[in-house]
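Inspection log for the structure reproduced underneath, given as structure tokens.
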DNA sequence: GAAACATATTAGTATTTTCTTGTATAAGCT
DNA sequence: AGCTTATACAAGAAAATACTAATATGTTTC
């Protein structure tokens, strides 16, 4: 498997403190950044938490009421979460239900563990 | 333990599709957002990966060579990672060595697992 | 102590992001 | 078909972010 990497600038002679570092996988980086930057925003984080908290799908109208931004902003936020693979969406009549993906569940769980939520 | 929450706007009458959702813990949210938004940036993500890849501490000069931004930008990025609790720093002479925290290790590992890096 | 080096800080600018308003699409109801 | 509701899309304004350049601080070396 060919693996793109971000070039390591330090190809020259070894300086006093500087040992060359292992490069970072560019594909992995792109994917992770999409996920992290999608989650790392007030509105989207809160939407995601609420989606993850619900048992089987939340419709957009629920979410609109909960966060303090316009319908349009909620829609855009959800689209971005979807693009990042953090939610799935399913249409039911004229409603649209969002559910968390495994990625979302795993990451939120990790964050909870790290904070020591239940200590 | 008192637990701040973000108010759930949907306190009114129950609409067609809308069931009220569980609120989101505001403290947890603040902490998570600091972590996520710190990681969710090109420069900082790459710095963090390189710090995590190294065995025992990376000095700033190594990092500067690796990412394509100014010394100042690197310093600012590292400060932000530090503020978010993602790295520790230790001074050794005039160099400063950065190391990943448990949070960083855990999150990067989770991300790797989710991507299925080793499949 | 002065020069050179490693890193941090400040201030300003450029870029990116996020929101709002207005409009479009699509489904359900009468 | 026309009206209403649910959601998405587009364009632009406003806010937040990330960079650069310049300067400051602290360390080493001579």
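Protein chains in written order, with the UniProt record's numbering: chain A, 1 to 119; chain B, 1 to 119.
Here a beta-carbon is modelled for each residue, glycine too, at the ideal position from N, C-alpha and C.
message: Once the 5 residues before and after residue 45 of chain B are set aside, which same chain residues still bring their CB inside 7 Å of it?
response: Closer than 7 Å at the Cβ level, and outside the excluded window around residue 45 of chain B, lie 39.
task: Give, in chain order, every residue of the region 82-106 of chain A whose Cβ lies closer than 8 Å to some Cβ of chain B.
output: 95, 102, 103 and 106
query: If we count the other Cβ atoms within 10 Å of its Cβ and call it buried at 16 or more, is residue 32 of chain B buried or exposed?
result: buried
- prompt: Sorted by chain position, which residues of the same chain lie with C-beta nearer than 8 Å to residue 96 of chain A's C-beta, five sequence neighbours on each side aside?
  reply: 59, 60, 89 and 90
message: Comparing C-alpha positions only, which one of B:57, B:116 and B:34 sits nearest to residue 92 of chain B?
response: Nearest of B:57, B:116 and B:34 to residue 92 of chain B, Cα basis: B:57.
message: In the DSSP output, which residue or residues are listed as bridge partners for residue 35 of chain A?
response: For residue 35 of chain A, which the question treats as bridged, DSSP gives no partner whatsoever.
message: Going by DSSP in three states, residue 88 of chain B sits in which element: helix, strand or coil?
response: strand
- request: May I have the straight-line CA-CA distance separating residue 107 of chain A from residue 98 of chain B, to the nearest angstrom?
  value: 24 Å
task: Grab me the residues of residue 87 of chain A's own chain with a C-beta within less than 8 Å of its C-beta, minus the 5 sequence neighbours each way, in chain order.
output: Close CB contacts of residue 87 of chain A within its chain, under the 8 Å cut and outside five residues either way in sequence, are with 48, 51, 78, 81, 98, 99, 100, 101 and 104 (chain order).
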